[in-house]
Amino acid sequence: MKKHIPLICLCFIALLLTSCGFGGKGEFKADKEIAVFSREDGSGTRTAFTEIFNIVEMGENGTRKDRTTKEAVIAKQTYVLMSGIASDRYSIGYLSLGSVNKTIKLISIDGVYPTAETVKNGTYAVSRPFIIVTKKEISPATQDFINFMLSKEGQAVAAESYISAVDNAPEFNSSMPSGKVVVAGSSSVTPVMEKLKEAYIEINPNAIIEIQLSDSSSGIQGVIDGTCDIGMSSRHLKDSEKAVLDQHTIALDGIAIVVNKNNPINNLSSEQVKAVFKGEITRWRELIEQG
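Going by numbering that gives the first Met the number 0, 136 is the number at position 137 of the sequence shown; the sequence numbering is gapless.
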């Protein structure tokens, strides 16, 4: 059964485990079970992760079958997953590279450490685009905000924590439109969108930008339904979505595989990651012995 942890409960558990030394320094017991943390269904990060590591299988009728272990702890937001990893010495999870902080540990995959450089040059293969989607016809304020995101100034904002997606981007020249723009979707894209909003409002205070955090699928559907103007997605669009929406890539991001800071593991192969998240490898000793 999948385990969903509310934020309040997770924070309490984190405090309790840390006070008991569970997440602190001490002997790492390799015989312990691996605590797998995953994002929820609908998360663009989960979709990209399961596709990259072949954890998802396609049925004969084209349906996706996600083989993530049923024992996985399901975190509905990026920061919730990060708190869980920081609190549990025997945990492993995945999240946006741009969201990682010093409370958890990044590991290399197939001998390549995730950085902005290795993501952009393709040597770190666990990566995906940050996409925005809109309807075919949009308001002047929405268009102006998008123009900023894809401009030299907007890409500089994206590059502060992520990887710029537009080479030789043009300088931004705002038409200073007024109006409200509702942006909704991916919790992975939200941090860079907040920074883009702040920078844009300094240039055009006439506009109101409202950001609603949910997940990629909800953001995309929100644009289709007309409940938001811009959808944020950290997964590629389905063919049915491409048919009715316009899309732009505003940044690139790695998907980081993360463990607790006190875990001795520094590198895993793609096959090991796949086996862990499918529940085929369940104890840390199996990974340590494989080297």
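Glycine included, every Cβ here is placed at the ideal spot set by N, Cα and C. Remember, predicted model here, so these are calculated numbers, not experimental data.
Whose C-beta lies closer than 6 Å to the C-beta of residue i among residues of the same chain, with five residues either side of it excluded?
i	result
G92	F36, L80, I84, V257
K241	none
D228	T141, V180, V181
T102	A85
Q374	Residue 374 falls outside the range modelled here, since the chain spans only 0 to 290, and no answer is possible.
R284	A29, D30
A198	V156
K119	I162
S42	D214
M175	N203, N205
So which of the options has the shortest CA-CA distance to residue i?
i	options	result
S173	G153, V72, S163	G153
T68	L244, K273, G253	K273
P190	L96, A47, T141	L96
A255	I208, N266, F171, E285	N266
K104	D87, G230, V118, F171	D87
L94	I73, G110, V111	I73
I249	E288, N205, K194	K194
I208	N167, D252, P139, E285	P139
I162	Q246, G253, I200	G253
D166	L251, I200, I264	L251
M148	P169, K134, K135	P169
V275	A34, F171, G25	A34
S216	V243, H235, P128	H235
S187	K75, I137, I280, I108	K75
E270	I108, Y89, S42	I108
T226	G110, T133, N146	T133
N259	D40, E39, A71, S82	S82
T77	S185, D143, D245, T281	S185
D143	F171, G121, K135, T281	F171
E126	F52, E136, E70	According to the sequence as given, residue 126 is Ser; it is not Glu. Residue F52 is the option with its Cα nearest to S126.
My output table needs one value for residue i: the three-state DSSP class, helix, strand or coil.
i	result
A29	coil
A34	strand
A13	Reliability fails at A13, whose pLDDT of 46 lies under 50, so the model's placement of it is uncertain and no value is given.
A157	helix
N265	coil
R127	strand
I108	strand
S232	strand
I287	helix
A85	helix
D245	strand
K151	helix
R45	helix
V118	helix
E56	strand
I219	helix
S163	strand
A71	coil
Below 8 Å CB to CB, which residues in the same chain sit around residue i once its five sequence neighbours on both sides are set aside?
i	result
M57	R63, K64
I54	F48, D65, R66, T67, K273, F276, K277
I200	A206, I208
Y123	I108, V111, Y112, P113, T114, T117, G253
I264	I106, V258, W283, L286, I287
Which word fits residue i, buried or exposed, when buried means at least 16 other C-beta atoms lie within 10 angstroms of its C-beta?
i	result
G230	buried
I130	buried
K196	buried
D30	exposed
N60	exposed
Q289	exposed
V291	This structure leaves residue 291 out entirely; the chain is present only between 0 and 290.
G25	exposed
N262	buried
S232	buried
I219	buried
S177	exposed
I145	buried
I287	exposed
For residue i, is the beta carbon positioned less than 7 Å from some heavy atom of the ligand SAH?
i	result
Q271	The model depicted lacks the ligand SAH and carries no ligand whatsoever.
Short of 7 Å in beta carbon distance, which residues of its chain neighbour residue i, apart from the five on each side in sequence? Order them along the chain.
i	result
P128	A164, T248, L251
V99	L105, A255, V257
M192	V182, I210, M231
S150	A168, P169, E170, F171
Touching by the beta-carbon criterion (3+ pairs, under 8 Å), the segment 152 to 169 and the segment 43 to 54: no
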